[in-house]
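**Student:** Dropping a structure here in structure tokens format, bear with me for questions.
Residue numbers (this note's numbering): 799 to 1575.
Next comes the structure, spelled out in structure tokens:
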């Protein structure tokens, strides 16, 4: 017998649940594709180095490199570049720097880890972007938000943000913005009491977005538009959310004001970073700003040329009669008219244009000047609006996916080949350009050498390239090659000056470059000119101090280092440079004090620990020297010189076995380390390992044939082992490279006595008397 259950059928309810599960699954799969595509697209950046502002925000920032317990409170109550030379930058973005300090503690100086996190969070943000678009655009086919997300992912103009570690602020701001929009959607669309929880969470995520980068504050105008355009939310719900979202904005502005006002006075915007400072009247300022807005539109859609720096004077000031202004102004007028005519129709492309205009407004330089005239990173969030408008305009033109059709995304692509071809061409072209451009961000050499071709009239770009060549020249051992490279660096510094005659950094670098080339008179000329410009820059005074230290005017060097420290008492390099000058003046205590101050500011200051170890060794504080070398080694486990010097300090406290261990490591790191072989030989001699000592002294001489000390030490060990004739040969070789070595002469005389050759012995003893009477240099 078959029994039948009574009651109503649940078939419709089950179908609805099944449909929701299927839709959620499809959304997750599409979002996962977006995530993977974004991650793979930028995977070629994972092994990149630090570039540009990566140093100010992270790699050279002393606050970021402190331990987490000490660094986070400082980050929260100081400005962005507090840990470097630019003390007052009027920027407050603590969240990304907190991430950087955690990364530094996990793996110090590891650019690969930070690049990985940039790509990872970008990919996650793109996943969230699809989910957000899918929810708000539920009335259109799922293919539309999918295409918008893929186009956004591949936009080449985003390469600066993803490939530049510093732009973690942009990525995290976008990431938390997507979470905010996701939680707001629940508030707009659900009628449950618990939806208040999501609204409250959205306040927190919006605050974190602001703490990442302040530009997202323009979203306050867009949050209500989102609710009105894409949901059936009641006006009351929209107003409540809009008012409550003012709370995190006001909190951020209050904190920002409190922090920056206590540290910084009004910061003067430099013409070298924002060429609009050169605009002499309102008309030229307005015309140039509108032209730059037109350029944002152009390179977002047609990224024919991307550059890391568009500074003075790559984009000159123009007037109202310039065709570039007229064309840009005309395009924006058309967009404005289109918005006005279609605003009440709630067309998604209208919202896209509004999104773009509102979010780019804060970077437009129309209402107020910002720190730069133009930057690709500034279009990172606004470009989403362009993607929305572009895709919807094409979709409407081809009548695709505007209604929530039953076809799957794949079926739409199959049945609409024209749209598919357009989409694939855009995707392929953008992806290729993105991969090529991202590869150029590998290091500063690859970036600057490529960008200088596209931005030859940027004074900043020229000095950056000059600095790369300057550093390369300093590391070059071949004198002829060194000179050639340094002359090339000079050409770029001179080009920078020809573009901007008041560019103090060009004067400063030219002074240092000509000093390296041996032209002290010309070097002084440029340094004297550098003194005339930008008296408020601590780095400038410190560099000038370093210059005078190098030419032997140590007291003058200290005077300039004092100026740098007075301007910025948190500038570790200024204390370090002053310590160098004090060392040269034999003020060892003062030098040690300054190295300690540099280390207090930057606990990972490798060279400060090393140099302090050298000074403590000089004053016979061997245990102190060992402690400092140990700290240097902890920072850089492959610092061969630190191992060698620590070994020598151990030698003087008679820890010969410990010294040999350090020399072994130094030689393992650098198999051609002549001093380490020589010093290991001395330690082995003290442990009566004579043959090992002979082998090490011989190896040191093999590496460095003019190593007079190694010949002397080899002669000593041969004398100890009663090989008198052989010892004489080594002492004589020592005298070839060090003719005034009185000990070598004396030992030759003693060895001749052992060989019963009194006349030869007398000859060298007489030479000893002569050298003893010779005035010391």
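Don't be surprised by glycine CBs; every beta carbon is placed ideally from N, CA and C.
If you follow the alpha helix (DSSP H) that residue 1077 is in, where does it begin and where does it stop?
**Tutor:** If you number the chain shown from 1, residue 1077 lands on position 279. Looking at the DSSP string, residue 1077 is not in any alpha helix (DSSP H), and its letter there is neither H nor E.
**Student:** Give me the Cα-Cα distance between residue 1175 and residue 959, rounded to the nearest whole angstrom.
**Tutor:** As a working note, residue 1175 is residue 377 in the chain shown. As a working note, residue 959 is residue 161 in the chain shown. Cα atoms of residue 1175 and residue 959: separation of roughly 6 Å, rounded to the nearest angstrom.
**Student:** Who are the Cβ neighbours of residue 1363 in its own chain at under 8 Å, not counting the five residues just before and after it?
**Tutor:** For the purposes of this step, residue 1363 is taken as residue 565 along the chain shown, with counting starting at 1. For residue 1363, where only same-chain residues beyond five positions count, the Cβ hits under 8 Å are 1336, 1369, 1372, 1373, 1376.
**Student:** Quick check: the Cα distance between residue 868 and residue 1419, rounded to an integer number of angstroms?
**Tutor:** On the chain shown, residue 868 is found 70 positions in, with the first residue counted as 1. On the chain shown, residue 1419 is found 621 positions in, with the first residue counted as 1. One C-alpha to the other measures close to 30 Å.
**Student:** Do the segment 1376-1393 and the segment 840-847 touch if we need at least three Cβ pairs shorter than 8 Å?
**Tutor:** Taking 8 Å as the limit for Cβ pairs, the verdict is that the segment 840-847 does not touch the segment 1376-1393.
**Student:** What ranges does the alpha helix (DSSP H) occupy inside the segment 972-1025, keeping only unbroken runs of at least 4 residues that lie completely in it?
**Tutor:** Whole alpha helix (DSSP H) segments, 4+ residues: 993-1010.
**Student:** With 16 as the cutoff for other CB atoms within 10 Å, does residue 1059 come out buried or exposed?
**Tutor:** Indexing the chain shown from 1 puts residue 1059 at position 261. Here residue 1059 is exposed. Its C-beta has fewer than 16 other C-beta atoms within 10 Å.
**Student:** Is it buried or exposed for residue 804, if we count other Cβ within 10 angstroms and need 16 for buried?
**Tutor:** Counted from its first residue, the chain shown places residue 804 at position 6. Caution is warranted here: a pLDDT of 47 is assigned to residue 804, below 50, making its placement in the model unreliable, and the coordinate value is therefore given only provisionally. Exposed, because fewer than 16 other Cβ atoms sit within 10 Å of the Cβ of residue 804.
**Student:** Would you mind giving the Cβ-Cβ distance between residue 973 and residue 923, rounded to the nearest angstrom? I have them listed as a contact below 8 Å.
**Tutor:** What you label residue 973 is simply residue 175 of the chain shown in a count that begins at 1. What you label residue 923 is simply residue 125 of the chain shown in a count that begins at 1. About 4 Å separates the two Cβ atoms, so the contact holds.
**Student:** Going along the chain, which residues of its own chain have a beta-carbon closer than 7 Å to the beta-carbon of residue 1569, five neighbours each way excluded?
**Tutor:** The count along the chain shown starts at 1 and reaches residue 1569 at position 771. So the list reads 1538, 1540, 1543, once near-sequence residues are dropped.
**Student:** Measuring CA to CA, which of 1009, 860, 1041, 1478 is closest to residue 1020?
**Tutor:** Taking the first residue of the chain shown as 1, we reach residue 1020 at position 222. If you compare the alpha carbons of 1009, 860, 1041, 1478 with that of residue 1020, the shortest gap goes to 1041.
**Student:** What first and last residue would you give for the alpha helix (DSSP H) that runs through residue 1326?
**Tutor:** The residue you call residue 1326 lines up with position 528 of the chain shown. Where residue 1326 is concerned, the enclosing alpha helix (DSSP H) stretches over 1318-1328.
**Student:** I'd like the list of long-range same chain contacts for residue 953, defined as Cβ closer than 8 Å, with 5 residues on each side in sequence excluded.
**Tutor:** The residue you call residue 953 lines up with position 155 of the chain shown. The answer, listed in chain order, is 1098, 1101, 1181, 1185, 1228, 1232.
**Student:** Select from 1392, 1298, 1426, 1416 the residue whose C-alpha is nearest the C-alpha of residue 1404.
**Tutor:** For the purposes of this step, residue 1404 is taken as residue 606 along the chain shown, with counting starting at 1. It is 1426.
**Student:** Could you check whether the segment 1546-1555 touches the segment 1517-1527, counting it as contact only if at least three pairs of C-beta atoms, one from each stretch, sit closer than 8 Å?
**Tutor:** Yes, since at least three Cβ pairs between the segment 1546-1555 and the segment 1517-1527 fall closer than 8 Å, the two stretches touch.
**Student:** Decide if residue 1560 is buried, meaning its Cβ has at least 16 other Cβ atoms within 10 Å, or exposed.
**Tutor:** By one-based count along the chain shown, residue 1560 stands at place 762. Classification for residue 1560: exposed.
**Student:** Hey, could you find the ends of the alpha helix (DSSP H) residue 1152 is sitting in?
**Tutor:** Position 354 of the chain shown holds residue 1152. Here the alpha helix (DSSP H) through residue 1152 covers 1146-1159.
**Student:** If you draw a straight line from the C-alpha of residue 888 to the C-alpha of residue 839, how long is it?
**Tutor:** Residue 888 sits at position 90 when you count from the first residue of the chain shown. Residue 839 sits at position 41 when you count from the first residue of the chain shown. Cα to Cα, residue 888 sits roughly 34 Å from residue 839.
**Student:** Rounding to the nearest angstrom, what Cα-Cα distance links residue 1069 and residue 1086 in this structure?
**Tutor:** Position 271 of the chain shown, counted from the start, is the residue given in the question as residue 1069. Position 288 of the chain shown, counted from the start, is the residue given in the question as residue 1086. Their backbone Cα atoms lie some 14 Å apart in a straight line.
**Student:** How is the alpha helix (DSSP H) around residue 1270 delimited, first residue to last?
**Tutor:** Taking the chain shown and counting its residues from 1, one reaches residue 1270 at position 472. Going by DSSP, residue 1270 is part of the alpha helix (DSSP H) stretching over 1257-1273.
**Student:** At 4 residues or longer, what runs of the alpha helix (DSSP H) sit wholly inside the segment 896-982?
**Tutor:** 909-934, 941-952, 957-961
**Student:** I'd like the list of long-range same chain contacts for residue 1510, defined as Cβ closer than 6 Å, with 5 residues on each side in sequence excluded.
**Tutor:** By one-based count along the chain shown, residue 1510 stands at place 712. Within the same chain, residue 1510 has close Cβ partners 1532, 1542.
**Student:** With residue 1193 as the anchor, note down where its alpha helix (DSSP H) starts and where it stops.
**Tutor:** Residue 1193 sits at position 395 when you count from the first residue of the chain shown. Residue 1193 -> alpha helix (DSSP H) spans 1180-1195.
**Student:** Rounded to the nearest angstrom, what separates residue 1077 and residue 1110 at their Cα positions?
**Tutor:** Here residue 1077 is taken as the residue at index 279 of the chain shown, counted from 1. Here residue 1110 is taken as the residue at index 312 of the chain shown, counted from 1. Spanning the two alpha carbons is a distance of roughly 12 Å.
**Student:** Shortest alpha-carbon distance to residue 1178 belongs to which of 1465, 951, 1222, 1137?
**Tutor:** As a working mapping, residue 1178 is identified with position 380 in the chain shown. If you compare the alpha carbons of 1465, 951, 1222, 1137 with that of residue 1178, the shortest gap goes to 951.
**Student:** Going by DSSP, what residue range makes up the alpha helix (DSSP H) through residue 1339?
**Tutor:** Taking the chain shown and counting its residues from 1, the one referred to as residue 1339 is at position 541. Here the alpha helix (DSSP H) through residue 1339 covers 1336-1348.
**Student:** Do residue 909 and residue 848 have their C-beta atoms within less than 9 Å of each other?
**Tutor:** Numbered from its first residue, the chain shown carries residue 909 at position 111. Numbered from its first residue, the chain shown carries residue 848 at position 50. For residue 909 and residue 848, yes; Cβs fall inside 9 Å.
**Student:** Three Cβ pairs or more, each shorter than 8 Å: is that satisfied between the segment 1285-1300 and the segment 1249-1267?
**Tutor:** yes
**Student:** In this structure, how does DSSP classify residue 1470 when only helix, strand and coil are distinguished?
**Tutor:** In the chain shown, residue 1470 corresponds to position 672, counting from 1. Coil.
**Student:** Am I right that residue 1508 and residue 1495 are in contact with their C-beta atoms under 8 Å? What's the rounded C-beta distance?
**Tutor:** Translated into positions along the chain shown, residue 1508 becomes position 710. Translated into positions along the chain shown, residue 1495 becomes position 697. That pair is a contact at about 5 Å.
**Student:** Around the Cβ of residue 851, are there at least 16 other Cβ atoms within 10 angstroms (buried) or fewer (exposed)?
**Tutor:** Here residue 851 refers to the residue found at position 53 when the chain shown is read from its first residue. Counting Cβ neighbours within 10 Å, residue 851 comes out buried, since at least 16 surround it.
**Student:** Kindly give me the distance between the Cβ atoms of residue 1172 and residue 1113, rounded to whole angstroms, as I take these residues to be in contact under 8 Å.
**Tutor:** By 1-based counting over the chain shown, the position of residue 1172 is 374. By 1-based counting over the chain shown, the position of residue 1113 is 315. Indeed, because the Cβ distance is near 6 Å, the residues count as touching under 8 Å.
**Student:** Applying the criterion that 16 or more other CB atoms from any shown protein chain within 10 Å of the CB defines a buried residue, is residue 1564 buried or exposed?
**Tutor:** Within the chain shown, residue 1564 is the residue found at index 766, counting from 1. Looking at its Cβ environment, which holds fewer than 16 other Cβ atoms inside 10 Å, residue 1564 is exposed.
**Student:** Would residue 1153 pass as a contact of residue 1028 if the rule is Cβ separation under 9 Å?
**Tutor:** Stepping through the chain shown from its first residue, residue 1153 is reached at position 355. Stepping through the chain shown from its first residue, residue 1028 is reached at position 230. No; because the gap between Cβ atoms is not below 9 Å, this pair is not in contact.
**Student:** In chain order, what residues of the same chain have a beta carbon less than 7 Å from the beta carbon of residue 1318, not counting five sequence neighbours either side?
**Tutor:** Counting from 1 along the chain shown, the entry for residue 1318 is found at position 520. Apart from the 5 residues on each side of it in sequence, residue 1318 sits with its Cβ closer than 7 Å to the Cβ of 1349 in its chain, given in chain order.
**Student:** Give the C-beta separation of residue 1347 and residue 1315 to the nearest angstrom, bearing in mind that I take them to be a contact with Cβ-Cβ under 8 Å.
**Tutor:** Here residue 1347 refers to the residue found at position 549 when the chain shown is read from its first residue. Here residue 1315 refers to the residue found at position 517 when the chain shown is read from its first residue. Contact flag wrong, Cβ pair sits at about 18 Å.
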